[in-house]
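J.:
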Amino acid sequence: MTDWQPGTNRAMLQRRAELLSALRHFFLERSVMEVDVPSLGRSTVTDSNIESIYAGTFRNSGYLQTSPEYFMKRLLATGAGDIYCLGKAFRQGELGSRHNPEFSLLEWYRCGWDEYQLMNEVAELISQLHAKKSSQSLVITQRSYADCFIEAVGVDPHSAELGQLQEMAVAAASASWADETRANCLDLLFSQLVEPQLPLGLVFVHQYPACQSALAQLDSNTQGQLISRRFEVFLNRMELANGYLELTDSAEQRERFAADIKQRKLTGKAPIPIDQHLLAALDQGLPSCAGVALGVDRLLMQLEGADSIAKVMPFSWDRC
Amino acid sequence: MANYSTNEFRSGLKLMLDGDPCSILENEFVKPGKGQAFNRVKLRNLKTGRVLEKTFKSGETLEGADVMDMDMQYLYNDGDFWYFMEPDSYEQHQATENAVGDALQWLSEQDICVVTLYNGAPLSVVPPNHVELEIVETDPGLRGDTAQGGSKPAKLATGATVKVPLFLDQGDVIKVDTRTGEYQGRVKES
Numbered sequence: 026m027t028d029w030q031p032g033t034n035r036a037m038l039q040r041r042a043e044l045l046s047a048l049r050h051f052f053l054e055r056s057v058m059e060v061d062v063p064s065l066g067r068s069t070v071t072d073s074n075i076e077s078i079y080a081g082t083f084r085n086s087g088y089l090q091t092s093p094e095y096f097m098k099r100l101l102a103t104g105a106g107d108i109y110c111l112g113k114a115f116r117q118g119e120l121g122s123r124h125n126p127e128f129s130l131l132e133w134y135r136c137g138w139d140e141y142q143l144m145n146e147v148a149e150l151i152s153q154l155h156a157k158k159s160s161q162s163l164v165i166t167q168r169s170y171a172d173c174f175i176e177a178v179g180v181d182p183h184s185a186e187l188g189q190l191q192e193m194a195v196a197a198a199s200a201s202w203a204d205e206t207r208a209n210c211l212d213l214l215f216s217q218l219v220e221p222q223l224p225l226g227l228v229f230v231h232q233y234p235a236c237q238s239a240l241a242q243l244d245s246n247t248q249g250q251l252i253s254r255r256f257e258v259f260l261n262r263m264e265l266a267n268g269y270l271e272l273t274d275s276a277e278q279r280e281r282f283a284a285d286i287k288q289r290k291l292t293g294k295a296p297i298p299i300d301q302h303l304l305a306a307l308d309q310g311l312p313s314c315a316g317v318a319l320g321v322d323r324l325l326m327q328l329e330g331a332d333s334i335a336k337v338m339p340f341s342w343d344r345c
Numbered sequence: 041m042a043n044y045s046t047n048e049f050r051s052g053l054k055l056m057l058d059g060d061p062c063s064i065l066e067n068e069f070v071k072p073g074k075g076q077a078f079n080r081v082k083l084r085n086l087k088t089g090r091v092l093e094k095t096f097k098s099g100e101t102l103e104g105a106d107v108m109d110m111d112m113q114y115l116y117n118d119g120d121f122w123y124f125m126e127p128d129s130y131e132q133h134q135a136t137e138n139a140v141g142d143a144l145q146w147l148s149e150q151d152i153c154v155v156t157l158y159n160g161a162p163l164s165v166v167p168p169n170h171v172e173l174e175i176v177e178t179d180p181g182l183r184g185d186t187a188q189g190g191s192k193p194a195k196l197a198t199g200a201t202v203k204v205p206l207f208l209d210q211g212d213v214i215k216v217d218t219r220t221g222e223y224q225g226r227v228k229e230s
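As given, the protein sequences belong to chains A and B, one line each in that order. Reading the first sequence from the start, the letters are residues 26 to 345 in this note's numbering. Reading the second sequence from the start, the letters are residues 41 to 230 in this note's numbering.
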């Protein structure tokens with residue numbers, strides 16, 4: 026029996042330790058405070074595409090957190106200022122060459138910033154880490170979701186009819202997309218057709234469709250179309266981070282939670298109790314801020330040229 | 041047959057897709073951070089041999105295919121069918137020309153083959169990896185020319201044509217790798 030051993034050699038353990046240390050150093054220099062928030066909470070995310078791992082506790086049920094977002098926002102509402110969290114997050118059923126049910130997530134918030142300022146900081150962080158590994162400079166590209174989508178798919182993601190997106194999704198995947206939601210069709214087409222066409226290097230895709238706003242504010246683009254103030258970061262075509270100009274309006278947050286719950290019911294997913302603590306914090310007032318969550322294991326994969334997440338983790342799920 | 045969910049898809053699992061039995065080659069889990077999870081699956085259609093790529097929503101299920109690989113002995117061909125026998129039970133199966141496919145050109149009586157049964161009937165036949173066959177037709181051998189490169193076509197007793205070195209002659213028995221169709225060596229001189 027050899028699977029008691031880690032899946033990484035000592036050199037990779039060292040690379041991981043150096044990365045964690047470099048991330049902490051980056052924020053220390055910028056006076057962003059590390060916060061150590063719980064991994065186990067009484068509530069969790071309501072998003073119908075993210076499943077939390079349910080954990081029975083001795084008196085109450087709990088959920089392993091899929092990101093530190095809600096706890097961090099409660100800190101922000103009390104005036105904690107610029108904060109980051111470098112810890113573990115958990116997602117049910119996510120296992121593959123880029124997924125592990127437990128993974129390391131770096132999440133940070135910048136008060137008074139918008140998402141474009143935060144994108145610049147993400148670029149600085151990744152460029153610094155890249156420069157330690159390679160003498161070639163990292164190519165950085167910034168493009169709107171619509172520009173990427175129109176180029177690769179040929180239709181405008183904001184104005185295309187749902188029926189047309191469903192037809193294209195069926196052609197790109199299988200018949201089971203025929204009655205999918207707009208958000209899920211767009212995601213499928215983006216993964217199948219747009220991602221393989223993205224430039225190499227570090228790519229920021231911004232102005233996501235309004236139906237994929239999650240916890241980002243809504244706005245309109247120069248053509249007057251409704252968009253969300255959300256961005257995603259791709260490093261060599263691998264999804265690495267997701268950021269928002271954070272929604273601070275508690276009434277709108279309530280509506281989005283209600284819509285999530287409805288969608289979960291429609292698709293037969295387990296009901297999730299809404300996080301009343303988060304809503305109370307938003308009622309109290311979340312400062313205007315931008316936040317981003319970045320997959321640390323995937324970053325390490327890219328920096329080390331590993332083709333599977335298991336190769337950068339001492340104990341990926343198949344060894345746990 | 042049982043149904044299998046995408047998270048049970050493993051390489052080698054046999055499933056029904058659009059009415060045909062297929063074997064899974066690869067299964068890749070894909071999930072955008074905020075999006076729906078899906079699986080990109082590469083399958084081989086066991087009837088046509090064609091490889092196809094399909095994308096399923098994670099959690100979708102497909103029906104298992106009643107497909108089984110079995111070692112069987114090739115008996116004979118009666119002009120319409122090729123007959124194979126299970127060595128333990130002596131049960132015989134008749135395979136169509138379509139099922140025998142490319143294996144046809146390598147089969148000698150009594151060879152042990154892998155026969156894939158679908159709903160109990162032969163669907164495909166894989167010949168032994170190595171077979172020894174007699175050359176029935178080739179240009180006269182250049183005796184002594186064992187060092188020179190160069191090759192010539194030779195027709196074998198079962199109908200296959202392979203490239204062989206120039207020194208070989210009609211009546212020689214050679215060993216061939218059926219997976220590549222390549223000459224491996226001479227077994228017996230004529």
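We put the CB at the ideal spot given by N, CA and C, even for glycine. Here the structure is a predicted model, which means the values were calculated and not measured.
For a quick check, are the C-beta atoms of A/Leu319 and A/Ala266 less than 7 Å apart?
T.: To locate residue 319 of chain A, count along the first sequence from 1; it is residue 294. To locate residue 266 of chain A, count along the first sequence from 1; it is residue 241. Yes, these two residues count as a Cβ contact at 7 Å.
J.: From the DSSP secondary-structure annotation, give me the bridge partner or partners of A/Gln167.
T.: Along the first sequence, one-based indexing puts residue 167 of chain A at 142. Per DSSP, A/Phe229.
J.: Quick check: is the beta carbon of B/Thr101 nearer than 7 Å to any beta carbon in chain A?
T.: By one-based count along the second sequence, residue 101 of chain B stands at place 61. Closer than 7 Å: no.
J.: Looking at the structure shown, is A/Ala284 part of a helix, part of a strand, or coil, going by DSSP?
T.: Numbered from its first residue, the first sequence carries residue 284 of chain A at position 259. Reduced to three states, the DSSP call for A/Ala284 is helix.
J.: If we call anything under 7 Å between Cβ atoms a contact, is B/Phe121 one with B/His133?
T.: Here the question's residue 121 of chain B lines up with position 81 in the second sequence. Here the question's residue 133 of chain B lines up with position 93 in the second sequence. No. Outside cutoff.
J.: Just to confirm before moving on: does the CB-CB distance between A/Ala91 and A/Ser73 stay below 7 Å?
T.: Position 66 of the first sequence holds residue 91 of chain A. Position 48 of the first sequence holds residue 73 of chain A. The sequence shown places Thr at residue 91 of chain A, rather than the Ala named in the question. Contact: no.
J.: If we cut at 7 Å on Cβ distances, does B/Thr30 have a partner in chain A?
T.: As shown, chain B starts at 41 and ends at 230. That puts residue 30 of chain B outside it, with no answer to give.
J.: Ordered along the chain, which non-local residues of its own chain (more than five positions away) have a Cβ less than 6 Å from that of A/Ile151?
T.: As a first step, residue 151 of chain A is located in the first sequence; it is residue number 126 there, counting from the start. Taken in chain order, the residues that qualify are Leu227.
J.: Suppose contacts are defined by Cβ-Cβ distances below 7 Å. Is A/Gly121 in contact with B/Phe69 by that definition?
T.: Within the first sequence, residue 121 of chain A is the residue found at index 96, counting from 1. Within the second sequence, residue 69 of chain B is the residue found at index 29, counting from 1. Yes, the pair counts as a contact, with Cβ atoms nearer than the cut-off.
J.: Using a 10 Å radius around the Cβ and a threshold of 16 neighbouring Cβ atoms, would you call A/His50 buried or exposed?
T.: If you number the first sequence from 1, residue 50 of chain A lands on position 25. So A/His50 ends up on the exposed side.
J.: Would you list, in sequence order, the uninterrupted beta strand (DSSP E) runs of no fewer than 3 residues that lie entirely inside the segment 184-269 of chain A?
T.: 227-234, 243-245, 251-260, all fully within the segment 184-269 of chain A.
J.: Under 8 Å, CB to CB, which of the residues in the segment 281-297 of chain A have a partner in chain B?
T.: The segment 281-297 of chain A vs chain B, Cβ under 8 Å: nothing.
J.: Here's the rule I'm using: 16 or more other beta-carbon atoms within 10 Å means buried, otherwise exposed. How should A/Phe83 be labelled?
T.: For the purposes of this step, residue 83 of chain A is taken as residue 58 along the first sequence, with counting starting at 1. Classification of A/Phe83: exposed, given that the 10 Å Cβ count is below 16.
J.: Taking the beta carbon of B/Lys203 as the centre, do at least 16 other beta carbons fall within 10 Å, making it buried, or is it exposed?
T.: Working through the second sequence from its first residue, we reach residue 203 of chain B at position 163. Result: exposed.
J.: Where A/Arg124 and B/Thr220 are concerned, what is the direct C-alpha to C-alpha distance, given to the nearest angstrom?
T.: Your numbering for residue 124 of chain A matches position 99 in the first sequence. Your numbering for residue 220 of chain B matches position 180 in the second sequence. Here residue 124 of chain A is His; the residue named in the question, Arg, does not match the sequence. Using only the alpha carbons, I get a separation of about 38 Å.
J.: Pick from B/Lys228, B/Arg226, B/Ile64, B/Lys74: whose alpha carbon is nearest that of A/Glu119?
T.: Counting from 1 along the first sequence, the entry for residue 119 of chain A is found at position 94. Here the closest residue by C-alpha is B/Lys74.
J.: So, with DSSP's three-state summary, where would you put A/Arg67?
T.: Start at 1 with the first residue of the first sequence, and residue 67 of chain A comes out as number 42. DSSP places A/Arg67 in coil when its eight states are reduced to three.
J.: According to DSSP, which residues form a beta bridge with A/Asn34?
T.: In the first sequence, counting from the first residue as 1, residue 34 of chain A sits at position 9. According to DSSP, A/Asn34 bridges with nothing at all.
J.: Check each candidate in A/Asp28, A/Glu149, A/Ala208 and name the one with the smallest Cα separation from B/Ala77.
T.: Counting from one through the second sequence, the residue named residue 77 of chain B turns up at place 37. Of A/Asp28, A/Glu149, A/Ala208, the residue nearest in Cα terms is A/Ala208.
J.: Give the range of the beta strand (DSSP E) segment to which B/Lys203 is assigned.
T.: Start at 1 with the first residue of the second sequence, and residue 203 of chain B comes out as number 163. 201-205 is the span of the beta strand (DSSP E), which, as asked, contains B/Lys203.
J.: What in chain B is Cβ-close to A/Asn267, meaning under 7 Å?
T.: Numbered from 1 along the first sequence, position 242 holds the residue referred to as residue 267 of chain A. In chain order: Gly73, Lys74.
J.: So what does A/Ser160 bridge to, in DSSP terms?
T.: The residue given as residue 160 of chain A occupies position 135 in the first sequence. Partner(s): none; A/Ser160 has no beta bridge.
J.: Would you mind working out which of A/Gln309, A/Gly268, A/Ala283 sits nearest A/Asn145, comparing C-alpha positions?
T.: Stepping through the first sequence from its first residue, residue 145 of chain A is reached at position 120. That would be A/Gly268, whose Cα lies nearest to the Cα of A/Asn145.
J.: With burial defined as no fewer than 16 other Cβ atoms inside 10 Å of the residue's Cβ, what is the status of A/Val219: buried or exposed?
T.: Taking the first sequence and counting its residues from 1, one reaches residue 219 of chain A at position 194. Buried is the call here.
J.: Can you give me the start and stop residues for the beta strand (DSSP E) that B/Ala121 sits inside?
T.: Translated into positions along the second sequence, residue 121 of chain B becomes position 81. The sequence given here has Phe at residue 121 of chain B, not Ala. Note, B/Phe121: premise wrong, no beta strand (DSSP E); not H, not E.
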